[in-house]
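Quick note on the numbering used here: the sequence shown kicks off at 59 and runs consecutively.
C-beta atoms are modelled at their ideal positions from N, C-alpha and C, and glycine is treated no differently.
Quick notes on the structure that follows.
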Amino acid sequence: METIEGVIVVTTETIPGYRIVEVKGIARGGIVRATHLGRDILAAFRNIKGGEVKEYTQMMAEAREEALRRMALHAKQLGANAVVNVRFATSNVSSGMAEVYAYGTAVVVERE
59 METIEGVIVV TTETIPGYRI VEVKGIARGG IVRATHLGRD ILAAFRNIKG
109 GEVKEYTQMM AEAREEALRR MALHAKQLGA NAVVNVRFAT SNVSSGMAEV
159 YAYGTAVVVE RE
């Protein structure tokens, strides 16, 4: 269980020790990140050698964290204090740009 911006965020349908008392709707947050020329150059060298492209791994990790944060803020706007069933989606927007999208069900939970 993780708390982001004061909102409980889980990938499960329920939260142990809590009960869902109200469903507020779909919470979502997304970000489109473009690659950086410096990262692209380093990535090109890694592509020749093979192995993990750490520059892109870091960029995508940062994008996932920002998408989660935006989703949690949207859930708060909806009046929720938790998001269940959280999922991620990614897509290429254009060459050198990727979208990361986080979504889940915004709910109000109370301790059991």
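Between the Cα of Val81 and those of Ala164, Glu168, Lys112, Glu170, spot the shortest distance and give me the residue it belongs to.
Ala164
Tell whether a beta-carbon distance below 8 Å holds between Glu168 and Arg77.
Yes; because the gap between Cβ atoms is below 8 Å, this pair is in contact.
Between Ala138 and Gly154, what straight-line distance do the alpha-carbon atoms span, to the nearest angstrom?
35 Å
For Ala129, count the other beta carbons within 10 Å of its own beta carbon; 16 or more makes it buried, fewer makes it exposed. Which is it?
Note that residue 129 is Met in the sequence shown, not Ala. Buried.
Enumerated in chain order, which unbroken segments of the alpha helix (DSSP H) with a length of 4 residues or greater are wholly contained in the stretch 101–166?
If one requires a minimum length of 4 residues, the alpha helix (DSSP H) runs lying completely within the stretch 101–166 are 112–135, in chain order.
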